[in-house]
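Those protein sequences? They're chains A and B, same order as listed. Every letter in the first sequence is one number past the one before it in my numbering, and letter 27, counting from 1, is 68. Every letter in the second sequence is one number past the one before it in my numbering, and letter 87, counting from 1, is 349.
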Amino acid sequence: MWKWLHPYSNPQTTYNLCGTLTPWFAGISAILLTIGLAMSLVFSPPDYQQGESVRIFYIHVPSAMLSMGIYLGMAISALCALVWQMKLTETSIAAMAPVGATFTAIALFTGAAWGKPMWGTWWVWDARLTSELILLFLYLGVIALHNAFEDKELAGKAASVLALVGVINLPIIHYSVEWWNTLHQGATISKFDKPSMSTDMLIPFAISFFGFAFMVASLICIRFKAEIIARNSMRPWVKALAMEKEAN
Amino acid sequence: MQLTYRKAFKTILVRDLTIAIRHRDDIFNPLLFFIITVSLFPLGIGPEANTLMKIAPGIIWVAALLATLLSLERLFKNDHADGSLEQLLLSPCPTFVLVLAKITAHWIITGLPLIIIAPLLGVLLNLHQDSYLALMLTLLIGTPVLSLLGAIGVALTVGIKKGGVLLSLLILPLYIPVLIFATSAIDAASMNLPYDGQLAIIGAIFVGSLTLAPFAVGSALKVSIN
């Protein structure tokens, strides 16, 4: 595995890989989102209790799942950065954090918009909502810490320590607020044996979820490329790249 | 000369305590901040006794969080400024021991006075009479957690010029579990319900952060010192 992974510790190789992957991810995401959102927002049946407002679900749940998924990815990168001292994984934290923060904000916003017609209030201090809010704070902390350092290499290391501490705290925070107070419904998707959702809602959901996931992947690739270039701006290959862009 | 871990721990602890005793402001300012913050609430909310009784645990705990936050910067800042932090990290003794000694000293300087003064503030806020023991116990187990987790944040921001505001952004989200369990323990006590479950969880958080936080602090300090 190391032999296979080894070339990607070179920024240039990784940059090129991201370059080739980005259009694929973006394309797949565009196709899936078009199909998925059309199915979910127009053709899927309205809920028998919630009516049409259930359609927020198709944006709310994928973004909430991705907000946590991105944090997990960030924490894995942080672990790799701290244990194996890989420079590029530090860079990838800077690429992931703002995307994750945005998806957390989207999940919170759509949740509030959904809560108003269903629960009759924009915000309650419920377990899920509170832990999602704290997740947003953790993201903002990582971003702020990363921006506070002049030296980007130090910034990456410091941010990875914080991301790792945050991921240890995340389950604690989650369960603490869960025991504290709860109104949000339990998991509906992750029950694999018998999903408590009908198939004609599950399929559009799955398609739009993967659409959003590929969108996240392409966004992260683009940001990752930008971060790599910013940190290697003195390298000859970056200069050559800039010359090439200028010539065209 | 070989330094045993116990001796290294003791040396750092005594050194930090001596420094703190010679700069008495370091001990009293966070404490005064704690008292003033708590006494602002009855003025803002109104002196109605039942309302105060309901919110007293939360106010005391939030004020304790903020007071700890205020005092945290001192943990590594001066040592970083005069270069002794670098010397500490260069020593053959594991960073874990040294960091733990510094955190212990910090807790003795800031955490213990908070615990001693808290019942007095409980009287001011008309805390339920069954809650005093719970308040003391949660503070006793909870404030070391605040020092331990806070040390991570300070270690990360010690090299930055204006780390103070950033520190609160990094650390306060991590303090939330302690706050939740502590206040729910005090509330349970006021209703004469058992609260040993909440105490056990705070204890678990304490033991977990005691074993893990010094490692995080060590690696964060290595980043900051560079």
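Glycine included, C-beta positions come from ideal geometry on N, C-alpha and C.
Item                                                                                                 : Value
Below-9 Å beta-carbon distance, V469/B vs any chain A residue                                        : no
Whole-angstrom C-beta distance between H342/B and V420/B, which should lie under 8 Å                 : 5 Å
Contact under 9 Å by Cβ, I184/A with A142/A                                                          : yes
Residue closest to L73/A, alpha-carbon to alpha-carbon, out of A271/A, C262/A, A283/A, M256/A        : M256/A
Rounded separation between E287/A and S274/A - CA only                                               : 15 Å
Which listed residue (A204/A, E191/A, Y216/A) has its alpha carbon closest to that of A168/A         : Y216/A
Chain B residues whose Cβ lies nearer than 7 Å to that of G141/A                                     : Chain B residues near G141/A: none, gap ~15 Å exceeds 7 Å.
Proximal chain A residues relative to L490/B, where beta-carbon distance stays under 8 Å             : Any answer about residue 490/B is impossible in this case: the structure gives chain B only from 263 up to 488.
Distance, I371/B Cα to P103/A Cα                                                                     : 47 Å
Straight-line gap, M330/A to I379/B (C-alpha atoms, nearest Å)                                       : In this structure chain A extends from 42 to 289, so residue 330/A is not present and cannot be described.
Contacts of S393/B in chain A (Cβ-Cβ under 9 Å)                                                      : The premise fails here: S393/B is roughly 18 Å from chain A at the closest Cβ pair, so nothing lies under 9 Å.
Residue closest to S430/B, alpha-carbon to alpha-carbon, out of L305/B, E335/B, F290/B, I317/B       : E335/B
Partners in chain A for I403/B, counting only beta-carbon separations shorter than 9 Å               : Here the premise fails: no neighbours, minimum Cβ distance about 15 Å.
Chain-ordered neighbours of P496/B on chain A, where CB pairs are closer than 7 Å                    : Because chain B in this structure spans residues 263 to 488, residue 496/B falls outside the shown range and cannot be described.
From W166/A, S50/A, E93/A, M109/A, residue whose alpha carbon lies closest to that of G207/A         : M109/A
Three-way DSSP call (helix, strand, coil) for C262/A in this model                                   : helix
Helix, strand or coil at E59/A [DSSP, three-state]                                                   : Residue identity check: residue 59/A is Cys in the sequence provided, not Glu. In this structure, C59/A counts as helix in the three-state DSSP scheme.
Where the alpha helix (DSSP H) containing H368/B begins and where it ends                            : 357 to 368
Through-space distance from P64/A to I76/A, alpha-carbon basis                                       : 18 Å
CB of I377/B within 9 Å of CB of V479/B, strictly                                                    : no
Buried or exposed (CB count within 10 angstroms, at least 16 for buried), P52/A                      : buried
Nearest candidate by alpha-carbon position, reference L395/B, set A451/B, G320/B, S333/B, L328/B     : A451/B
Unbroken alpha helix (DSSP H) run spanning M398/B, endpoints                                         : 394 to 419
C-beta neighbour in chain B for A71/A, strict 9 Å                                                    : no
Three-state secondary structure (DSSP) of D234/A                                                     : With a pLDDT of only 48 at D234/A, under 50, the local geometry of the prediction cannot be trusted, and no value is derived from it.
Rounded separation between K198/A and E191/A - CA only                                               : 13 Å
Neighbourhood of L411/B by C-beta, 7 Å cutoff - its chain only, sequence neighbours within 5 removed : I433, L436, Y437, S471, A475
Beta-carbon separation (whole angstroms), G60/A vs K266/A, contact threshold 8 Å                     : 7 Å
Rounded separation between I495/B and S393/B - CA only                                               : In the structure as shown, chain B begins at 263 and stops at 488. Residue 495/B is therefore absent and cannot be evaluated.
CA-to-CA distance, N57/A to W163/A, given in whole angstroms                                         : 45 Å
Chain B within 9 Å of G182/A, Cβ atoms only                                                          : yes
Beta-carbon gap between L389/B and A318/B smaller than 9 Å                                           : yes
Check: A311/B C-beta below 8 Å from any heavy atom of the ligand ADP                                 : In terms of ligand content, the structure shown is empty, and the ligand ADP therefore cannot be addressed.
DSSP three-state assignment for E335/B, whether helix, strand or coil                                : helix
Beta-carbon separation (whole angstroms), S486/B vs A444/B, contact threshold 8 Å                    : Incorrect: roughly 30 Å between the Cβ atoms, too far for contact.
C-beta atoms of S201/A and L123/A nearer than 9 Å                                                    : yes
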